[in-house]
Amino acid sequence: MFFLVLGVFLFLYGPSDVRTQQLLGRSINTDNLSPRQQQEPDTAASLNPPGIEVNRTVFLAIARNQFPDLYEKLVQREKGKDESGNGLPEVVQKFIANRRSDVKNLFQHGVLNCEAVGSIMRNVAKETANLSECDKSVLFEHYPQLKDLLAILPCNMLGFSAKHYGYVVIGCEDGRQPSFNVGTVFNYLCWISFCTGAIVVDLCTFVKILKLRKVRNLDNDKMFQRNVRFFAQSAFQNIPMFIDIALLSLGDNSLLEDKALFRIISFSLTRFTDLINSTALILFNPEARKHILKMIKKQNVIPVAISAIAPSTTIGLAGARSSQL
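Those letters in the sequence shown? Residues -20 to -1, 1 to 305, per mature numbering (1 follows the signal peptide of the UniProt record, and there is no 0), in order.
What follows is the structure in structure tokens.
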């Protein structure tokens, strides 16, 4: 009993170096430490006794298991350093430094550079993908919104596609399918709501026109004819666009072989829709039609001199007439 009390006394009030070595030995022989406890970040650099090689990870594990009060103080101290801007993990400091350099390119000559925005998105995605799981957890702990942002980026950025001859949603560089495709949402939103709504409005307008023609005699009403002409122009433009958006939504800018037919028809129909939209402004505009027909007739007119006078005089008049023209 005496030796037991003496051992406890020496353990509690003995030299600090001896207690640290004893705690270190106990922590190394302890098998109940979780991997997270064994991989605690560097927090107690200044608390190690001189001359004693104590691993900081083990030191934190000791503090958590044996001295909870000390561990809480260490955590509070580390939080205070984080709030003051110092003592951030190295991966977070590097991430902040890279973003500061990226932000400098956002506003060139006082104008927002859209290409710089896309570059920042790509850099954030690539930099995060190259991190280890431990560094990712540390980064997401400081920036929890970044984890939600990476669920969308970089697989949903807009870019010009030479293959599709227009701006499309860029897929993931590694070939994986994004968990949330912004392009699909917008395509189906336009197809189901806006484009379908335009067709429904055209049908309702057509029914209203038939009803008015049946009830009233509006054949000579210029305002009614003008409204009918606008309706015909709208329907002439909306129907090809509706079919084009439907095929575009079904194709979904995918490069899969089973959607190749949708891509080909959608691409061809897009060019046809552009032609329809431009020609509709001429076909359904009477002023434009009259002007074009007038120009065509003017180009095809050939002046001819006709007279009942003697042939010699006629030739002279014809020559004078042609010289005047």
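From the three backbone atoms N, C-alpha and C, an ideal C-beta is built for every residue, glycine too. This one's a predicted model, so the numbers in the text were calculated from it and none came from an experiment.
- In the three-state reduction of the DSSP assignment, phenylalanine 87 falls in the strand class, which pools E and B.
- Spatial neighbours of asparagine 103 in its own chain (CB-CB distance under 8 Å, excluding positions within 5 residues in sequence) are listed in chain order as Asn78 and Asp82.
- For the pair of segments examined, the region 174 to 189 was found to touch the region 206 to 226: the number of CB pairs separated by less than 8 Å reaches three.
- In the DSSP annotation of this structure, the continuous segment of the alpha helix (DSSP H) that includes isoleucine 225 starts and ends at 202 to 231.
- The C-alpha of valine 72 is placed about 12 Å away from the C-alpha of glutamate 107.
- Assignment of leucine 236 by DSSP, reduced to helix, strand and coil, places it in the coil class.
- Lysine 278 and lysine 270 have their alpha carbons spaced roughly 12 Å apart.
- Beta-bridge pairing by DSSP links leucine 92 to Phe87.
- In the three-state reduction of the DSSP assignment, phenylalanine 174 falls in the helix class, which pools H, G and I.
- Of all C-beta pairs linking the region 239 to 254 to the region 224 to 231, three or more are shorter than 8 Å, placing the two stretches in contact.
- Taking C-beta separations shorter than 7 Å and ignoring five residues to either side along the sequence, the partners of aspartate 224 in its chain run Ser246, Leu249, Thr250 and Thr253, following chain order.
- Look at arginine 193 here: in three-state DSSP terms it is helix.
- Annotation: the continuous alpha helix (DSSP H) that includes tyrosine 168 extends over 162 to 169.
- Apart from the 5 residues on each side of it in sequence, isoleucine 189 sits with its Cβ closer than 7 Å to the Cβ of Val208 and Phe211 in its chain, given in chain order.
- The distance from the Cβ of phenylalanine 216 to that of alanine 260 is about 5 Å, consistent with a contact at the 8 Å cut-off.
- Within the same chain, and ignoring the five residues on either side of methionine 221 in sequence, the residues whose Cβ sits closer than 7 Å to its Cβ are Cys175 and Thr253.
- Across the structure, alanine 96 and asparagine 85 are spaced so that their CA atoms are roughly 6 Å apart.
- The beta carbon of alanine 268 is closer than 6 Å to those of Ile262 in its chain, skipping five residues each way along the sequence.
- Around the beta-carbon of leucine 236, fewer than 16 other beta-carbon atoms lie within 10 Å, marking it exposed.
- Note that the C-beta distance between phenylalanine 120 and leucine 129 is not below 8 Å.
- Methionine 101 and isoleucine 276 have their C-alpha atoms roughly 54 Å apart.
- Taking a C-beta distance under 8 Å as the contact criterion, alanine 109 and tryptophan 171 do not qualify as a contact pair.
- Within a 10 Å sphere around the beta-carbon of phenylalanine 75 sit 16 or more other beta-carbons, which makes this residue buried.
- If you look at proline 124, you'll find it in the alpha helix (DSSP H) that goes 124 to 130.
- As the crow flies, the alpha-carbon of asparagine 167 is around 39 Å from that of lysine 202.
- The beta carbon of histidine 122 lies closer than 7 Å to those of Val72 in the same chain, with the five residues before and after it left out.
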